[in-house]
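Have a look at the structure below, then the notes.
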Amino acid sequence: MSVNDLRELSIGELQNKIIDLKKELMDSRFSLATSQLEDTSVFKKIKKEIAQANTVLTEKINKESTEEV
Numbered sequence: 005m006s007v008n009d010l011r012e013l014s015i016g017e018l019q020n021k022i023i024d025l026k027k028e029l030m031d032s033r034f035s036l037a038t039s040q041l042e043d044t045s046v047f048k049k050i051k052k053e054i055a056q057a058n059t060v061l062t063e064k065i066n067k068e069s070t071e072e073v
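Heads up: the sequence shown begins at 5 in our numbering, then just goes up one per residue.
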């Protein structure tokens, strides 16, 4: 999912997306531990998506708080 797609989501949807990505990361770690995962670049991709979603979420929260003032 691109950053522009993330910016179109609401705060609640972003929080749910982050939770889903963290679950996906955990599942990938279990797959690696049981030798079912061959492509370890998945970790980097998921972590990058989590960071992007967190950044967009922070931007939205900060924008909301400045608009209220």
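In this text, a Cβ means the ideal position worked out from N, Cα and C, and glycines have one as well.
Limits of the alpha helix (DSSP H) - the one that residue i falls within
i, result
"M5", "Where M5 is concerned, there is no enclosing alpha helix (DSSP H), given that its DSSP letter is neither H nor E."
Residue i (DSSP reduced to helix, strand or coil)
i, result
"E17", "helix"
"T62", "helix"
"E71", "helix"
"Q40", "coil"
Environment of residue i [buried if 16+ CB atoms lie within 10 Å]
i, result
"I22", "buried"
"K57", "Position check: residue 57 holds Ala in this sequence, whereas Lys was assumed. By the neighbour-count rule (16 or more Cβ atoms within 10 Å), A57 is buried."
"V7", "exposed"
Check whether residue i and residue j have beta carbons under 7 Å apart
i, j, result
"E53", "L25", "yes"
"L61", "L29", "no"
"K51", "I15", "no"
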